[in-house]
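Colleague:
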Amino acid sequence: MSFVVFLIKKSAYYFWQDSNTNEVDLLLPTDNGFSAFEIKATQTITSDLFKNLDKFELNASLQKVEKTLIYGGLDNQKRSRHKILSWKSMT
Numbered sequence: 108m109s110f111v112v113f114l115i116k117k118s119a120y121y122f123w124q125d126s127n128t129n130e131v132d133l134l135l136p137t138d139n140g141f142s143a144f145e146i147k148a149t150q151t152i153t154s155d156l157f158k159n160l161d162k163f164e165l166n167a168s169l170q171k172v173e174k175t176l177i178y179g180g181l182d183n184q185k186r187s188r189h190k191i192l193s194w195k196s197m198t
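Residue 108 is where the sequence shown starts when you use the numbering used here, and the numbers rise one by one after that.
#1: Using DSSP with H/G/I as helix, E/B as strand and the rest coil, what is S187?
#2: To the nearest angstrom, how far is the alpha carbon of F192 from that of L160?
#3: Less than 8 Å between C-beta atoms, sequence neighbours within five positions excluded: which residues of the same chain meet that for D125?
#4: Once the 5 residues before and after G180 are set aside, which same chain residues still bring their CB inside 6 Å of it?
#5: Check this for me: beta carbons of L176 and F144, under 9 Å apart or not?
#6: Measure from the alpha carbon of L169 to the alpha carbon of each residue in D138, Y121, V131 and D132, then state which is nearest.
#7: Spatial neighbours of V172 within its chain, please: C-beta separation below 6 Å, excluding the five flanking residues on both sides.
Shown next as structure tokens:
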């Protein structure tokens, strides 16, 4: 069982939306902040896919935010400010 699925089963989970309808699909509370997830069907990663995660992080101010994009592509990646997971690696 993947780590993310394990967290969802054990935790309360939330989503975030601001007054401009920017949203993050899934938030899981952590001891010092949140794990934030955007879930996209696309197989192509573009910088636009991360904008709502970054906006949430700005709104979370003093709390730590671990930002993850779950997408329809094949490769898991770790970038400087985001983790990228293939939905296929979560089964």
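Note that beta-carbon positions come from the ideal geometry of N, C-alpha and C, so glycine has one too.
Modeller: Taking the definition as stated:
#1: coil
#2: Strictly speaking, residue 192 in this sequence is Leu, with Phe absent from that position. One C-alpha to the other measures close to 14 Å.
#3: K162 and N166
#4: Q150 and S193
#5: yes
#6: D138
#7: G140, F141, A143 and E164
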